[in-house]
Structures are given as structure tokens and as C-alpha cells.
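Note that the protein sequences, when read in sequence, are chains D and P.
For what it's worth, my numbering labels the leading residue of the first sequence as 24, then goes sequentially.
For what it's worth, my numbering labels the leading residue of the second sequence as 24, then goes sequentially.
Glycine included, each C-beta is placed from N, C-alpha and C at the ideal position.
One structure is given below, encoded as C-alpha cells.
Number of protein chains: 2
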Amino acid sequence: MGRRRGDDAVVSTLVDEDTFVDWLRDHGVPAGDDTAFLAAGEHRAGLVLTTDSQLESVHFPEDLDPWLIAQRLVRVNLSDLSAAGSRPRWALCNLNAPPDFDRERFFAGLLADCRRWGLSLIGGDTSSARQVSSTLTAIGDLPQGRRPLTRDRARPGDRLLVAGSLGEAAAGLLLQQAGARCHRGAVELPEGLPQGLAAAARRAVRRHRLPVPDVELGLELARPLSSGRTGRRGPAAIDLSDGLLKDAHRLAGASGVRLRIDLDRLPVAASLRRLAQYLEVTPLHHALSGGEDYVLLFSLPPEHPGATAGQEIGEVCVGSGLELVRGGRDVTTEVLDQLPRLGWDHLADG
Amino acid sequence: MGRRRGDDAVVSTLVDEDTFVDWLRDHGVPAGDDTAFLAAGEHRAGLVLTTDSQLESVHFPEDLDPWLIAQRLVRVNLSDLSAAGSRPRWALCNLNAPPDFDRERFFAGLLADCRRWGLSLIGGDTSSARQVSSTLTAIGDLPQGRRPLTRDRARPGDRLLVAGSLGEAAAGLLLQQAGARCHRGAVELPEGLPQGLAAAARRAVRRHRLPVPDVELGLELARPLSSGRTGRRGPAAIDLSDGLLKDAHRLAGASGVRLRIDLDRLPVAASLRRLAQYLEVTPLHHALSGGEDYVLLFSLPPEHPGATAGQEIGEVCVGSGLELVRGGRDVTTEVLDQLPRLGWDHLADG
């Protein structure tokens, strides 16, 4: 099931991803991970499917280059496939947009990114609409007999890692809210931004506009251990779309464990630290709650040889929810109390 | 590739289905049929995929019951699967809607219809939006070694059949434009409608709101002939979403043939004939150009044992485009000239 920035503010039932997933489960739909798996019993190779939308005024500003809209759509879906450890193969795309929207540039951007990431566009649909909304269904495959990565395999004693820096996309979003724009590869920065911050700001805006899913790492994590190690439990993984806290909480819930996260070890994005004063934000808070980083959070069993990428940020414990540690001290309550967004307090349950 | 009522009026490139498909082909995407096929070489059973959207103010009025929106979404996608001769198996659904939209009723309706048609909902995504837009990606399968039905297999000498009455959905749409409403199973009719037309009107409105795709016929048409007949060419098929003329023209183009259609044999819907005076329409014109009937148009080779369903309406000839016959006389030009919509003249090319 996909997830949406900003949905927390909406009160209607089923808008929030977690509520939606719970509702589907109550109605017999095997929901949970952001991807669905068609198993090898029915098809020689397992298929992994995901679908995610990008909407004007929700996920991108009205004047965003259609080329970038299309490529962002590809990337957020690929991020889901990466979290399932599958190889991108096929895509179907729906575009609904006003008559004056540059559809040709959208689909040219889409095809360019599909080629880059190994996706074949095999279907689509266009329609006229008042608001631009684009949906991609992406399909990946898994070699015969291989299971997809899921969120539910973390066990006490596992290490917890994150494969990329945190909070940079959130900084990029703030910069766009301050006036930064992205068009045809160029980033226009907000007026008044100190010259020394230009490089960091461009990087943050690009990181938000065009995330780079870690498909290779997903494939590596899903690879079975060598024959002497068959039967061993694999990693659990989730891609960070809604921020470390929220997505870590989902992984903890799916696995039935508690995740202890050492705040001193978080890979806070360097550009976020540089921009913090200008943006008037606390880097740690953005690293914890800023969404759309699209990096993988994953657990590794003790006997697992480890991944080539990833910063260890904590461990998997008995219990439920999250435990935030700084300087060896449990700071869960005080950190969650400081976070500006509502709704974080329930993450510490258990 | 999907198709949209009303897109003819939109001038932007790539909004029109045929232009979109041409553009995709020019860019190396194997587009053409409304479904994509993942062949048996890669998976033991072939998979057929399609995706189609339903948008507020484009495909349904703003006040339509969310239950019906969801089920119409299921049906239009199933119609594409039926035209490919595949068995419905899985679906992924995206819903974008304003906060006050009744998502729970939408998904309850969706799940009810998925169950009815043998679809398992395996993924989805919700987001907030100004305009309700819903997208379904439906996946069907084919038994091992079986090829999907396509539009390109009609050959001169084949019979041409249509499996259902024509023009009733278009009458239903006109009734809704005149004030008919559908909610929780009940149809409210326009004020001033003669009492004697109530049953026909309700039937037409329901036919428009909730089409009944002919999945069983699609499966039957895709079944290989008995062993003594292997290697024989199968039927060609398309579902009628944009009206007989437009979709017949597509089938003719894909197969490289001319379709001769006998207007005297068209199964014009009885309710359309009854409502014609009230609606001030010519039944034949609506049978030819009224969209959203979602019945199958198909060709049968001479040696083919035939289908259990279907009215023979003409034959496949050498040439291209369409030839309309009435009383044994070619009336193509005069009929197309009478049709109220622009753009029909090109259907008689060749």
C-alpha cells in the first residue's frame, strides 16, 4: 500500500495508510507491505507488484516540469520494489491531466526513466482532468524460489541499518516551499539564500524531486545466503517514505519487535546540517520525521554476512514500538515531545 | 491502452487514445490492444494486464455513489480482460479523493465486486485530491500455452459478430444528463419521463452505470480449437468502449482488413428504441457511435465452430476501414455524414 506525505492532517477514514491497511486486513485483504507478491507456485518466477500515485498540489507543485513528475513517479514505485528485493521489469502508467498539460514531455520523461531502470512500459491510459494525477503500477520479478523482502522478519538480536542519509529530502521540500524551483535539470534557488549554501540547497531540492531508489541493495538483501546457510532467516526491509520514525514503527509492528535506535549514529544528511540555520530547523528532528528520503531501513540477523551499504543505527529488541537512545540514555519521550508534528507519541507504545 | 469518453473534444496531443498509442509505438512501446501480455516464456502461465481510470466529471457525475464508482472501475477493467480472453485474478487500486469522500463505501463496493468477479485485491494506495480519480490495474491469467485474444487476427472471409445489444449505455448517459440519478441500487428518473418508459429508462441507466463484462465469452473465444484443429487461426476481439464504429475501425486497422457491417442486423437495444422519441435520438446512430456498451465485437474464421453468444453483423473483407451496408446497398458515406459527432468520416478510409 502506498503512502502519502501530508495525509496525517486529513481526518477522513482510510486516507491514512495505516488505517487503510488495517481496514483492508479486516476485510480479508492480505495488506501490509507496500508491495504484493504473486508466488512461485503459480508462476515460475515470483512477481512483485506495487502501485503509487503522484498528484499535483499533494506530491509536487503545480508548475513542476512534467518530465520530473514522470520520473518522480517512477522512482517512488521503484523504491517499493527495492524494499521487496525485486528486479524492476514492467510498468503501466495512467495520466490524468488538464488539456494544456504537456503529455508528450511527461511520457518522454517516463520512457527515459523506465529505460534507465530496466522497466518496460507495457500499458497505460490517459484522460483529461482538472488536477494532474499520475499513477504507476510497477512489476518486478524474483528469481525462481526466491522470496521477496518483507517487513516482518526482524527478530530480537538483529542489527538495524539504514542505507543513506536522512532528512535531506525534507530540507529540499522546505526549500521549495521557500521558492526553489526545478525545471529541465536546473534548480532555481529561493531569493536571499546565502551563496555558501547554494550547492547544499541544490542537492537537497534534487534529492526531493528525484529520489534515487536503492534497487541494487534490495537485490543484494534478498539474495539467499550461501548453500551452507540455507534456511536461515533473511533481513527485513522497508523504504523510508514517511520518515524514519513512522516507517521504523511500521517495521517494528510487522515484525512484532521493538526497535532501539541510537540517535548518535543517525546518518543526518550533511546538506541538512548546513541548511539548518537558514531553514530554522533542528537537523535531528528532520532526520527522524522528514519523509521521502527513499532509502532502505533493514535488519540483519547476527549470522548474516552483512550488506555492502548501510549505517548501523540500532538493534532489534524484545517488545514493541520504538526506543530512542542518546548517549546511552533512553530519550524516547523527550524527543517525541519535541517533534513538531502531532501523532508521534503513539510510536513509543509497548 | 485505455480509452475515454469525450476525449475527442480535447485538442492536446496524446489525450486521444489512438494518438497516444501511435506515439508510444513510435517510441518503441508495443502498444495496441487495451491489455499487455507477459508471455509464457517468462512465466508458466501467461499474464494479461490492463489499467483504466474513472474520473469524476469525466466518467461519472460528482454525486455518484462511491460504491458504484468502484464497481464501474472494476467492470471497465474486466471488459479489457474479457477482450483478451483471460481469467480475472488480481487487482491493485488507487483512489485519490477529497477528504469528505466516503472511502470506506468505495472500498467496500470494490471488494464486493472483486469477490463477485474472482479478483483478489493485492495492492492499493489512497491520497487526498481535489477531484475524485480512481485507477485499477487488473491482472488476468491464461492457461499454460494459451495466447491472449487480440485485435489483429481478423482475416478476409471471417464472420463478424457482436455479443450484446448496442446503444443502451449511451441512452443511459443521456438520461443521466437529463437528471436521472443512481444511488444505493435505486435509479431516480428525470422529471417528466412518461411512466411507460420507466422500466426501459432504469435499465439503460443501470447499463451505463454498471456494465457487465462478458468474461465467459472471452474465455470461450480464447480456448484453442480441439486437437484436430490446432494451428488454426483464432478469433480477433475488442470490447466496445468507444462505440461500434470507432472500435470496429480499430479492429480493422489492427488486422489490416476491411469490416463490412450490415446495419439491418445490428442488435440495437430495445430500451434505446423505446426511449428514442423521448431522448430525441436516432437509435441507429446511437448503436453505431454510442460508447460504453462493453460488449465484445469479434471475428470468427469460417472453420471455427462458433460461439454460444453473438449476433452476426457482417464479415471481414479485403481492404481497410469500414463499409456500412443497408438493404444490400453501401451507405457508408451517407450514414457517417448523418452522425452528429465529428471525426467519423476517417473511419471509411480505404
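So for residue i, helix, strand or coil by DSSP?
i	result
D:Thr355	helix
P:Thr42	helix
D:Ala63	A caution first: D:Ala63 carries a pLDDT of 49, below 50, which makes its placement in the model unreliable, though a value can still be read off. D:Ala63: coil per DSSP, three-state reduction.
D:Thr253	With a pLDDT of 48 at D:Thr253, under the threshold of 50, the predicted position of this residue should be treated as unreliable, and no value is reported.
D:Asp285	strand
P:Glu239	helix
P:Glu127	helix
P:Asp360	helix
P:Ala310	helix
D:Pro182	The sequence given here has Arg at residue 182 of chain D, not Pro. The answer is strand: DSSP assigns D:Arg182 an E or B state.
D:Leu196	helix
Do the CB positions of residue i and residue j come within less than 8 Å of each other?
i	j	result
D:Tyr22	D:Pro258	The structure shown does not extend to residue 22 of chain D, since chain D spans only 24 to 373, so no value can be given for it.
D:Pro247	D:Arg169	yes
P:Ala114	P:Leu78	no
P:Val348	P:Ile284	yes
D:Leu70	D:Ala161	no
D:Ala292	D:Gly190	yes
D:Asp148	D:Val97	no
P:Ala186	P:Gly333	yes
D:Leu101	D:Ser157	no
P:Phe43	P:Pro171	no
P:Leu183	P:Glu335	yes
D:Ser294	D:Ala209	no
D:Leu320	D:Leu263	yes
D:Leu134	D:Leu233	no
P:Arg110	P:Leu142	no
P:Gly390	P:Leu267	Given that chain P is displayed from residue 24 to residue 373, the structure contains no residue 390 of chain P and the question cannot be resolved.
P:Glu211	P:Ala203	yes
D:Gly146	P:Thr173	no
D:Leu345	D:Cys205	no
D:Val280	D:Val354	no
P:Ala93	P:Gly132	yes
D:Arg178	D:Arg256	yes
D:Pro89	D:Arg128	yes
D:Leu216	D:Tyr301	yes
D:Ala120	D:Val155	yes
D:Gly241	D:Gly108	yes
P:Ala224	P:Leu198	yes
By DSSP's criteria, residue i is part of a beta bridge. Which residues make up the other side?
i	result
D:Asn117	D:Asp148 and D:Thr158
P:His206	P:Ala209
D:Val291	D:Leu189
D:Asp164	D:Leu70 and D:Arg110
P:Thr173	P:Ala259
Over the uninterrupted beta strand (DSSP E) stretch that includes residue i, give me the two end residues.
i	result
P:Phe321	Leu319 to Leu323
P:Ala69	The sequence shown places Gly at residue 69 of chain P, rather than the Ala named in the question. Run containing P:Gly69: Gly69 to Leu78, per the beta strand (DSSP E) assignment.
D:Leu142	First-last for D:Leu142: undefined, no H or E at that position.
D:Gly344	Gly344 to Arg349
P:Asp337	A small correction: the amino acid at residue 337 of chain P is Gly; Asp does not occupy that position in the sequence shown. Gln334 to Cys340 is the extent of the beta strand (DSSP E) around P:Gly337.
D:Ala260	Ala259 to Asp262
If you follow the alpha helix (DSSP H) that residue i is part of, which residue opens it and which one closes it?
i	result
D:Arg226	Ala221 to Arg232
D:Asp316	It is not in any alpha helix (DSSP H) - D:Asp316 carries neither H nor E in the DSSP assignment.
D:Leu397	With chain D represented from 24 up to 373, any question about residue 397 of chain D goes unanswered, as that position is not in the structure.
Mind checking whether the beta-carbon of residue i lies closer than 7 Å to any heavy atom of the ligand GDP?
i	result
D:Gln154	This structure does not include the ligand GDP; it has no bound ligands of any sort.
Members of the region 96-129 of chain P that neighbour chain D once the beta carbon cut-off is set at 9 Å: Arg112, Trp113, Leu115, Cys116, Asn117, Leu118, Asn119, Ala120, Pro121, Pro122, Asp123, Phe124, Asp125, Arg126, Glu127 and Phe129
Near-chain D residues of the region 149-166 of chain P (beta-carbon distance less than 7 Å), N- to C-terminal order: Thr149, Ser150, Ser151, Ala152, Arg153, Gln154, Ser156, Thr158 and Thr160
Closer than 7 Å, Cβ to any Cβ of chain D: which residues of the region 69-82 of chain P, in chain order? Leu72, Thr73, Thr74, Asp75, Ser76, Leu78 and Val81
In chain order, what residues of the region 308-319 of chain D put their CB closer than 7 Å to some CB of chain P? none
Beta carbons nearer than 7 Å to chain D: which residues of the region 133-145 of chain P have them? Leu134, Leu144 and Ile145
Taking any Cβ of chain D, which residues in the region 224-243 of chain P have a Cβ under 8 Å from it, in chain order? none
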